[in-house]
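753 is the number of the first residue of the sequence shown in the working numbering; add one for each residue after it.
Remarks on the structure that follows.
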Amino acid sequence: MQKISAYILAFNEAEKIADAVSSVLWADEIVVADSGSTDRTAEIAQSLGARVVQLPFYGFGDLRNRAIAECRCDWIFSLDSDERCTAEVRDEILAVLSSSPAHDAYLVPRRNYMMGRWIKGSGWYPNFRQPQLFRKGAMRYDDGPVHEGYELLTQRPLGQLQSAIWQLPFRNLEELINKMNRYSSLGVRKLSGKRSSMGSALGHGIWAFVKHYLFKHGYRDGWAGFVIALGNFEGTFYRYAKRYEEMKAWPPPPSAPLQRPSLSPATSAGAGIAAAGRESSTSTKA
753 MQKISAYILA FNEAEKIADA VSSVLWADEI VVADSGSTDR TAEIAQSLGA RVVQLPFYGF
813 GDLRNRAIAE CRCDWIFSLD SDERCTAEVR DEILAVLSSS PAHDAYLVPR RNYMMGRWIK
873 GSGWYPNFRQ PQLFRKGAMR YDDGPVHEGY ELLTQRPLGQ LQSAIWQLPF RNLEELINKM
933 NRYSSLGVRK LSGKRSSMGS ALGHGIWAFV KHYLFKHGYR DGWAGFVIAL GNFEGTFYRY
993 AKRYEEMKAW PPPPSAPLQR PSLSPATSAG AGIAAAGRES STSTKA
């Protein structure tokens, strides 16, 4: 059977990394590409037998390519910290590698869990990212900072596994908001050279909401579907709004409150005499 490396991207994922690594303990090698975590991510991964490599983050596409370069086996299985390989996917992969694979790269379906339920709509089931099972050298990622694309380096068509891995993207709404903020900032780099305005930011955001909630049937998922659509609105809106902010290059706020000019001693004395005169006049009239 051909050997396989599983690589996992991680940054401050101490609460997720153990389950991710444990789900691929069947692989011949596990590489965790850590981007300078300040929590126990690296320590936990190493305790489970993973080889941790420290790779600075310049963008997800670049990070994935460098993670692949660290893998030593002929086949690669790509997993993120919020993904879990299921027993069904494991068995299907091992079956593919036990014979002569018909493809050099395979898409892997993902099943998403959020807000206490498995998501059925919203474009989240089944959903796919780049090929997650591939022969080393059969593909490369582009240099996109986020939601990176890929290029096949083989003439064979893409294959697709039948079983699905799990994705557990957000433990809570705070994590969703933090990720939306980070990804919208990374996404600004994709808009480099393009014009933006607050109006276009609003328009793109509304379209993202409508697309996920209506056309991708997010309404089937109750409040979870609404939150997913709203998160897409916010992420899209802020991506274009941040590009507008970048274009305008607004000056920073003042470093200290503006002060009124102080009165000179002579002016102060004159003001005091005038005030006294007004008081005297008022008393006389009374």
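Glycine is no exception: its CB is placed at the ideal position from the N, C-alpha and C atoms.
Given a cut-off of 9 angstroms on the beta-carbon distance, is the pair S774 and E840 in contact?
no
Which residues in the same chain have their Cβ closer than 6 angstroms to the Cβ of Q754, if we skip the five residues on either side of it in sequence?
For Q754, the CB contacts under 6 angstroms within the same chain, skipping 5 residues up- and downstream, are D826, W827 and L849 in chain order.
Within 8 angstroms, do at least three Cβ pairs link the region 938-951 to the region 993-1006?
yes
Pick helix, strand or coil for E765, following the three-state DSSP scheme.
coil
Anticipated Cβ contact below 8 angstroms, A890 with L905, distance rounded
6 angstroms
From W778, D786 and L777, pick the residue whose C-alpha is nearest to that of N764; which is it?
D786
Start-end ranges of the alpha helix (DSSP H) lying completely within the region 941-996, minimum 4 residues:
950-962
Could you name the residues that DSSP lists as bridge partners for D832?
Its beta-bridge partners are L761.
Take the Cβ of G1042 as the centre, count every other Cβ of all protein chains shown within 10 Å, and call the residue buried at 16 or more, exposed below.
No answer is possible for residue 1042: it lies beyond the span of the chain, which begins at 753 and ends at 1038.
Does DSSP put A847 in a helix, a strand or coil?
helix
Taking the alpha carbon of D834 as the reference point, which residue from N924, F978 and F967 has its own alpha carbon closest?
N924
Using DSSP bridges, identify the partner residues of D786.
Beta-bridge partners assigned by DSSP to D786: A762 and Q806.
Quick check: I980 and H956, are their CB atoms within less than 9 angstroms of each other?
Between I980 and H956, the C-beta gap is not smaller than 9 angstroms, which leaves the two residues out of contact.
Does the distance from the C-beta atom of A762 to that of T790 stay below 9 angstroms?
no
Which residue from G811, D895, E767 and N930 puts its Cα closest to that of E986?
N930
Any idea if L1010 is buried or exposed, counting beta-carbon neighbours within 10 angstroms, 16 or more meaning buried?
So L1010 ends up on the exposed side.
Which same chain residues, not among the five before or five after G983, have their C-beta less than 6 angstroms away from its C-beta?
L928 and M932
With DSSP run on the structure shown, which of helix, strand or coil describes L920?
coil
Can you confirm whether the region 873-884 touches the region 853-861 when touching is taken to mean that 3 or more C-beta pairs between the two stretches lie within less than 8 angstroms?
yes
Looking at I917: is its Cβ nearer than 9 angstroms to the Cβ of L831?
yes
Less than 8 angstroms between C-beta atoms, sequence neighbours within five positions excluded: which residues of the same chain meet that for G896?
G811, F812, G813 and K942
Neighbourhood of Y971 by C-beta, 8 angstroms cutoff - its chain only, sequence neighbours within 5 removed:
G873, Y965, G977 and F978
M867, DSSP secondary structure in three states
M867 carries a coil assignment under DSSP once its states are collapsed to helix, strand and coil.
Count the other CB atoms, across all protein chains shown, that sit within 10 Å of the CB of D843; report buried if there are 16 or more and exposed otherwise.
exposed
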